[in-house]
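Single-structure report; data block below.
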Amino acid sequence: MAYIVGVLLLSLLMAISCKKNPTPGEPPPTGPDTTSHHFAWQIDTFGTENSVFFDVAVIDENNIWAVGEIHTAQTDTFDSLGNWVPPYNAVHWDGRHWELRRINFYLCPNGTSPTPFPIQAVYAFSENDIWFTRGASFVHWDGIRFVHDCSMNRIIGGSIQRIWGKNSENLYAVGYSGTIIHYDGQHWQEMDSGTDVDLTDIWGSPDGSIVWACGWKDLPPKTVLLKQSSGSWEVVYEDEQHLTSLRQDSLSGVLISLWTNTSDSLYLLSTTGIYTAPAHTTGVARRLWNQSLFLPGFPRRIRGRAANDLVMVGDFGMVGHYNGASWKLYEELTGRIRSRSVVFNGAGILAVGVDVASNQATIIRGIR
């Protein structure tokens, strides 16, 4: 063994000494473009016990929606007229302050009582084109009114968890028990996912030519990566054997979330780290996470602006930023926060979730 190590070291020294020197006047080689790791953090809390945010959408810096369930001292009781005061299910940022909001849903198929059920996910195309779901139905803000849509309720096999689309005529949603549905601007259609695994995230290329989904389940343990590129979904990666092991050159762990901004590749967040994979992957991937053997908390979401500007969040206050060359964890953030979703707000970051000690909903703002 000592002989082999010595030979390797000698070979390395020879390679370095024989390396061609730059031509005089030639600029030195440069590393990858990077973005700043420096963020100033602010944490806002909302509501009283049993409050939580599940998702967030940014239209612009003066128009942001965070959704979930928010209880206050004035909710969950009867008012002076004997009317029940329900909790809130959203907050809206107008550039100056956060406003508590109630977005009403109805029980499907023929409910008549408007109710602000907890909102599971939100996705915005513009200030006049925003989709909200409570898991069993949708509400669409069209710029004039909130329109409740119950038509997909009969075709979903499990609660909707996430939404993604190119526009409101090409919209997807995924959920439990392998549920995938598609909206063409007029009708919802059930799509065959090829799996019964709970799907936890969905994202696609900017042109909508490739759409990805991933998820996992406990019993029996399994994780999957799905791809849609020609109108139908295929399971490109399914694993039951490497959920607790770590691999550097192929996917491993439980796949939780994904993101892409191209049709050539994607980024995946798993319990063993963050991976980048080519669009033709059937499991081949490169592990980007180099901070530690495993993540410091259970991962929840990954989002990005570019290949050199990624953010991932999870339990125990875990927020990590990738700048194209390295990862940084922000240990100054409290370990009590479980972030459920994250998004870029311009160059800044917004992460939403819950303070598990106080059970208040939280928004972490990172300003760069």
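Quick note on our numbering: the sequence shown kicks off at 1183 and runs consecutively.
We put the beta carbon where it would ideally sit given N, CA and C, even for glycine.
From a predicted model like this one, the values you see are computed outputs, not experimental measurements.
- Taking C-beta separations shorter than 6 Å and ignoring five residues to either side along the sequence, the partners of Y1504 in its chain run L1492, following chain order.
- A direct Cα-to-Cα measurement between T1382 and E1416 gives close to 16 Å.
- Listed in chain order, the alpha helix (DSSP H) runs fully inside the stretch 1332-1404 amount to none, counting runs of at least 4 residues.
- Under the DSSP assignment, M1494 falls in the beta strand (DSSP E) whose first and last residues are D1491 to G1496.
- For V1417, the beta-bridge partners assigned by DSSP are L1408.
- In the displayed model, R1469 falls within a strand according to three-state DSSP.
- Membership of R1283 in the beta strand (DSSP E) is indicated by the continuous run W1280 to R1283.
- By the criterion of at least three beta-carbon pairs nearer than 8 Å, the stretch 1257-1267 is not in contact with the stretch 1312-1327.
- Straight through space, the alpha carbons of A1272 and R1485 are spaced by roughly 21 Å.
- A distance of 7 Å or more separates the beta carbons of L1448 and T1454.
- The straight-line gap separating the alpha-carbon atoms of L1437 and S1375 is approximately 16 Å.
- For C1396, same chain residues with a beta-carbon under 6 Å away, outside a window of 5 residues either side, are D1383, L1407, L1437 and L1440 in chain order.
- With 16 or more neighbouring CB atoms inside 10 Å of its own CB, E1251 falls in the buried class.
- When C-beta atoms of the stretch 1288-1308 are compared with those of the stretch 1221-1228, fewer than three pairs fall below 8 Å, so the two segments do not count as touching.
- For the set H1220, F1235 and H1219, the Cα lying nearest the Cα of R1482 is the one of F1235.
- From the listed residues G1386, M1373 and G1360, the smallest Cα separation to K1404 is found for G1360.
- By the beta-carbon neighbour count (other beta carbons within 10 angstroms, threshold 16), R1468 is exposed.
- Taken through DSSP and simplified to helix, strand or coil, D1311 comes out as strand.
- Classified as exposed, H1279 has fewer than 16 neighbouring CB atoms from the shown chains inside 10 Å of its CB.
- A check of alpha carbon separations from W1266 across E1281, P1298 and E1243 identifies P1298 as the nearest.
- Put simply, of N1490, W1275, V1501 and H1253 the residue whose alpha carbon is nearest the alpha carbon of N1244 is W1275.
- In the DSSP secondary-structure assignment, Q1256 is not bridged to any residue.
- Taking all protein chains shown into account, Q1430 has fewer than 16 neighbouring C-beta atoms within 10 Å of its C-beta and is therefore exposed.
- In the structure shown, P1268 adopts coil according to DSSP, grouped into three states.
- Take E1420, set aside five residues on each side of it, and the residues of its chain with a beta-carbon closer than 6 Å to its own are V1406, in chain order.
- Of V1538, D1366, L1451 and S1523, the smallest CA-CA separation from W1394 is found for L1451.
- Residue N1352 holds the alpha-carbon nearest to the alpha-carbon of G1413 among Q1368, D1400, N1352 and G1465.
- Burial state of L1401 is exposed, judged by a 10 Å Cβ sphere holding fewer than 16 other Cβ atoms.
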